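**Q** Letter by letter, the sequence shown follows residues 257 to 653 of the working numbering.
Sharing a structure here in structure tokens format.
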Amino acid sequence: MTCSDPLIQKSTGKISPRKRKGAYPSSRKQPFRGPRNLSVERADHSPNSDRKTRSSSIYTLRDLSRRFSGRLSTRENDFHGQLFRDSKAKKEPTVVLVDEEECQQVERIEGGDKFNECMKDTTIYYPSRDDPQSVEICYADIECLAPEHYLTSPIMNFYVLYLQQQSLKSDKGINDYHFFNTYFYKKLQEALSCEGKEKDALFAKFRRWWKGVNIFQKAYVFIPIHEDLHWSLAIICIRDKDDHSGPIILHLDSLGLHHSKSILDYIKSFLVEEWSYLRQQVAPSDLLIEEEIWEVLPEEIVQKKIAVPQQKNDYDCGLFVLHFMERFIEEAPDRLKNKDLAMFGKQWFKPEEASGLRVKIQKLLEKEFQDSTEGQHARGSSDSDEAPAECVDIEDP
Numbered sequence: 257m258t259c260s261d262p263l264i265q266k267s268t269g270k271i272s273p274r275k276r277k278g279a280y281p282s283s284r285k286q287p288f289r290g291p292r293n294l295s296v297e298r299a300d301h302s303p304n305s306d307r308k309t310r311s312s313s314i315y316t317l318r319d320l321s322r323r324f325s326g327r328l329s330t331r332e333n334d335f336h337g338q339l340f341r342d343s344k345a346k347k348e349p350t351v352v353l354v355d356e357e358e359c360q361q362v363e364r365i366e367g368g369d370k371f372n373e374c375m376k377d378t379t380i381y382y383p384s385r386d387d388p389q390s391v392e393i394c395y396a397d398i399e400c401l402a403p404e405h406y407l408t409s410p411i412m413n414f415y416v417l418y419l420q421q422q423s424l425k426s427d428k429g430i431n432d433y434h435f436f437n438t439y440f441y442k443k444l445q446e447a448l449s450c451e452g453k454e455k456d457a458l459f460a461k462f463r464r465w466w467k468g469v470n471i472f473q474k475a476y477v478f479i480p481i482h483e484d485l486h487w488s489l490a491i492i493c494i495r496d497k498d499d500h501s502g503p504i505i506l507h508l509d510s511l512g513l514h515h516s517k518s519i520l521d522y523i524k525s526f527l528v529e530e531w532s533y534l535r536q537q538v539a540p541s542d543l544l545i546e547e548e549i550w551e552v553l554p555e556e557i558v559q560k561k562i563a564v565p566q567q568k569n570d571y572d573c574g575l576f577v578l579h580f581m582e583r584f585i586e587e588a589p590d591r592l593k594n595k596d597l598a599m600f601g602k603q604w605f606k607p608e609e610a611s612g613l614r615v616k617i618q619k620l621l622e623k624e625f626q627d628s629t630e631g632q633h634a635r636g637s638s639d640s641d642e643a644p645a646e647c648v649d650i651e652d653p
């Protein structure tokens with residue numbers, strides 16, 4: 257499938273060229289590494305370290321198969337941004353083993369006949385074409401929602417924006433949350449990898465990603481992480497003043513594959529950089545952090561790896577990240593306090609709840625594409641009913 261043909265514009269229904277200006281790059285220009293590249297260089301990614309550990313970091317198919325108890329064969333499905341082997345999913349239900357005694361039926365995603373053939377080259381922009389944070393979704397992107405497939409950035413970012421739109425309708429609203437997209441963390445690593453004036457210049461440019469947003473006035477900041485064929489989630493929490501504590505950075509990983517210390521160190525460095533910048537721009541009285549804490553903020557930042565429910569396969573990590581965000585928004589207080597960390601744990605929710613998001617997201621996207629196409633057809637019909645301008649009689653005044 258290709259997305260290079262004329263596209264259907266979601267917000268107005270007009271045909272528009274593929275090229276568009278936006279804050280974020282297209283995922284199809286930056287495809288994820290596929291499962292065939294199984295020799296991965298893992299380095300000490302801590303911003304305070306320049307040491308790479310290549311000799312101990314190359315892991316092979318055999319190593320990964322041990323890690324996933326023989327499940328690695330499922331990785332032979334084409335991965336992020338690539339063509340998928342099963343372009344037409346089966347219509348019959350599939351029985352998936354939940355544990356040794358139970359099994360449940362998982363609704364299969366129907367292929368081919370589910371959507372009208374005319375939509376195969378359609379692209380929509382969510383929530384709208386005019387939104388600077390909109391995510392571009394090609395019809396082919398939906399195929400990653402087929403069973404046993406890995407979620408790609410367009411689908412991840414769609415649901416992140418969906419959660420953001422839902423939060424705007426709640427009592428908390430936009431003032432309490434900030435959502436970074438899936439490209440942010442990699443850009444953060446690049447910005448922090450430089451030194452001296454080069455780092456300052458690069459970080460000043462990087463700051464455009466959250467232009468006009470004071471991170472320290474948000475209650476929660478969500479950062480999806482993608483590394484080594486795996487998704488995890490980091491959450492920055494600006495805690496309640498009554499706790500007399502600095503920010504806390506949480507890392508949630510449904511497989512325990514990511515190096516939590518490295519991720520937490522990068523995000524702490526991000527907060528320190530932003531703190532250094534805002535100290536010259538903002539008075540402590542304008543912040544939601546105690547002045548005594550603000551003055552020594554780098555020493556007060558807490559980093560914590562959180563125990564969370566674990567996925568039962570090696571392809572639902574993206575779904576778990578999205579479910580982490582959704583459950584956290586539903587259950588977290590207006591401002592996190594130390595006692596609220598007790599809500600986490602291995603029993604926070606059933607793994608099947610996260611895996612079930614696959615069908616929910618597919619149905620949401622089905623509706624988005626259907627609404628876009630119906631709107632286009634309705635407007636096209638209306639335009640055809642209008643008489644050509646040269647055929648209209650105009651009376652003299």
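A virtual CB, placed ideally from N, CA and C, is assigned to each residue, including glycine.
These numbers come from a predicted model, not from an experiment.
1. Are there 16 or more other CB atoms within 10 angstroms of the CB of His500, so buried, or fewer, so exposed?
2. Which runs of the alpha helix (DSSP H) spanning at least 4 residues fall entirely within the stretch 368 to 427, listed in chain order?
3. Identify every run of the beta strand (DSSP E) within the stretch 433 to 496, keeping only runs that are complete inside it and at least 3 residues long; order them along the chain.
4. Quick check on Leu575: buried or exposed, where buried means 16 or more other Cβ atoms within 10 Å of its Cβ?
5. Tell me which residues share the same chain as Asp572 and place their Cβ nearer than 7 Å to its Cβ, disregarding the 5 neighbours each side in the sequence.
6. For Val469, which residues from the same chain have a beta carbon less than 8 Å from its beta carbon, with the 5 sequence-adjacent residues on both sides left out?
7. Return the first residue and the last residue of the alpha helix (DSSP H) that Leu597 is part of.
8. Alpha carbon to alpha carbon, how far is Lys455 from Glu529?
9. Sort Glu586, Tyr533, Leu620, Met581 by Cα distance to Val416 and report the nearest one.
10. Between the Cα of Leu424 and those of Pro383, Leu458, Ile411, Asp542, spot the shortest distance and give me the residue it belongs to.
11. From Gln566 to Ser510, what does the alpha carbon distance come to, in whole angstroms?
12. Under 7 Å from any heavy atom of the ligand ATP, does the C-beta of Leu592 make it?
13. Using a 10 Å radius around the Cβ and a threshold of 16 neighbouring Cβ atoms, would you call Arg535 buried or exposed?
14. By how many angstroms is the C-alpha of Glu587 removed from the C-alpha of Pro388?
15. Given this structure, state the Cα-to-Cα distance separating Arg614 from Cys400, to the nearest angstrom.
16. Quick check on DSSP: helix, strand or coil for Leu506?
17. Straight-line CA distance for Trp487 to Leu620?
18. Pick helix, strand or coil for Val558, following the three-state DSSP scheme.
19. Residue range of the alpha helix (DSSP H) that Arg518 falls in?
20. Cutting at 8 Å between CB atoms, please list the residues of its own chain near Trp465, excluding the five before and the five after it.
21. Specify the secondary structure class of Ser611 as computed by DSSP and reduced to three states.
22. Out of Lys561, Glu483, Cys493, which has the shortest C-alpha to C-alpha gap to Pro589?
23. Helix, strand or coil for His579, going by three-state DSSP, please let me know.
24. Is the CB-CB distance between Pro607 and Lys560 below 8 Å?
25. Do Lys517 and Ile505 count as a contact pair if the criterion is CB distance below 8 Å?
26. Helix, strand or coil for Lys623 per DSSP?
27. Alpha carbon to alpha carbon, what distance is there between Leu544 and Glu556?
28. When you compare the CB positions of Met412 and Pro480, do they come within less than 8 Å of one another, or not?
29. Might you give, ordered along the chain, the residues of its own chain that have their beta carbon closer than 6 Å to the beta carbon of Ile562, omitting 5 neighbours on each side?
30. Leaving out five residues before and five after Asp596 in sequence, what residues of the same chain have Cβ atoms less than 8 Å from its Cβ?
31. Quick one: give me the first and last residue of the alpha helix (DSSP H) that Ile545 is part of.
32. What's the call for Lys474, buried or exposed, on a 16-neighbour Cβ count within 10 Å?
**A** Result, derived from the coordinates:
1. By one-based count along the sequence shown, residue 500 stands at place 244. Classified as exposed, His500 has fewer than 16 neighbouring CB atoms from the shown chains inside 10 Å of its CB.
2. Fully enclosed alpha helix (DSSP H) runs of 4 or longer: 409 to 424.
3. Listed in chain order, the beta strand (DSSP E) elements of length 3 or more contained wholly in the stretch 433 to 496 are 433 to 435, 476 to 483, 486 to 493.
4. The residue given as residue 575 occupies position 319 in the sequence shown. That one is buried.
5. Taking the sequence shown and counting its residues from 1, the one referred to as residue 572 is at position 316. Here the set comprises Ala610, Ser611.
6. Here the question's residue 469 lines up with position 213 in the sequence shown. Its chain contains His434 as the residues whose beta carbon lies nearer than 8 Å to that of Val469, once the 5 sequence neighbours on both sides are disregarded; these appear in chain order.
7. Within the sequence shown, the letter at position 341 stands for residue 597. Per DSSP, Leu597 belongs to no alpha helix (DSSP H) and is neither H nor E.
8. Locating residue 455 in the sequence shown gives position 199, counting from the first residue. Locating residue 529 in the sequence shown gives position 273, counting from the first residue. Lys455 and Glu529: Cα-Cα distance of roughly 10 Å.
9. In the sequence shown, residue 416 corresponds to position 160, counting from 1. Taking only the C-alpha atoms, the option nearest Val416 is Met581.
10. Sequence index remark: in the sequence shown, residue 424 carries index 168 (1-based). Of Pro383, Leu458, Ile411, Asp542, the residue nearest in Cα terms is Pro383.
11. Counting from one through the sequence shown, the residue named residue 566 turns up at place 310. Counting from one through the sequence shown, the residue named residue 510 turns up at place 254. Approximately 5 Å, taken between the alpha carbons.
12. Absent from the structure shown: the ligand ATP. Ligands present: none.
13. The sequence position of residue 535 within the sequence shown is 279, counting from 1. Label assigned to Arg535: exposed.
14. The residue given as residue 388 occupies position 132 in the sequence shown. The residue given as residue 587 occupies position 331 in the sequence shown. Rounded to the nearest whole angstrom, the CA to CA distance from Pro388 to Glu587 is 29 Å.
15. The count along the sequence shown starts at 1 and reaches residue 614 at position 358. The count along the sequence shown starts at 1 and reaches residue 400 at position 144. Those two C-alpha atoms are separated by around 9 Å.
16. Residue mapping note: residue 506 aligns to position 250 of the sequence shown, counting from 1. Leu506 carries a strand assignment under DSSP once its states are collapsed to helix, strand and coil.
17. Taking the first residue of the sequence shown as 1, we reach residue 487 at position 231. Taking the first residue of the sequence shown as 1, we reach residue 620 at position 364. Approximately 21 Å, taken between the alpha carbons.
18. For the purposes of this step, residue 558 is taken as residue 302 along the sequence shown, with counting starting at 1. Looking at Val558 - three-state DSSP - the assignment turns out to be strand.
19. Numbered from 1 along the sequence shown, position 262 holds the residue referred to as residue 518. Here residue 518 is Ser; the residue named in the question, Arg, does not match the sequence. From DSSP, the alpha helix (DSSP H) with Ser518 extends over 516 to 534.
20. To locate residue 465, count along the sequence shown from 1; it is residue 209. The answer, listed in chain order, is Ala279, Phe436, Phe440, Lys443.
21. If you number the sequence shown from 1, residue 611 lands on position 355. Secondary structure of Ser611 (DSSP, three-state): helix.
22. Your numbering for residue 589 matches position 333 in the sequence shown. Ranked by how close their Cα comes to the Cα of Pro589, the residues Lys561, Glu483, Cys493 have Cys493 in first place.
23. The sequence position of residue 579 within the sequence shown is 323, counting from 1. Three-state DSSP puts His579 in a helix.
24. What you label residue 607 is simply residue 351 of the sequence shown in a count that begins at 1. What you label residue 560 is simply residue 304 of the sequence shown in a count that begins at 1. Result no, Cβ atoms of Pro607 and Lys560 do not sit closer than 8 Å.
25. As a first step, residue 505 is located in the sequence shown; it is residue number 249 there, counting from the start. As a first step, residue 517 is located in the sequence shown; it is residue number 261 there, counting from the start. Cβ distance not < 8 Å, so Ile505 and Lys517 don't count as in contact.
26. Walking along the sequence shown from the start, residue 623 turns up at place 367. Under the three-state reduction of DSSP output, Lys623 falls in the helix class.
27. Walking along the sequence shown from the start, residue 556 turns up at place 300. Walking along the sequence shown from the start, residue 544 turns up at place 288. Cα-Cα distance, rounded: 15 Å.
28. Residue mapping note: residue 412 aligns to position 156 of the sequence shown, counting from 1. Residue mapping note: residue 480 aligns to position 224 of the sequence shown, counting from 1. The answer is yes: Cβ separation under 8 Å.
29. One-based indexing of the sequence shown puts residue 562 at position 306. Within the same chain, Leu506, Leu508, Phe600 come within 6 Å of Ile562 by CB-CB distance, once the 5 residues on both sides are set aside.
30. Working through the sequence shown from its first residue, we reach residue 596 at position 340. Close CB contacts of Asp596 within its chain, under the 8 Å cut and outside five residues either way in sequence, are with Ala588, Pro589 (chain order).
31. Along the sequence shown, one-based indexing puts residue 545 at 289. Boundaries cannot be given for Ile545, as no alpha helix (DSSP H) includes it and DSSP labels it neither H nor E.
32. As a first step, residue 474 is located in the sequence shown; it is residue number 218 there, counting from the start. Buried, by the Cβ-count rule.
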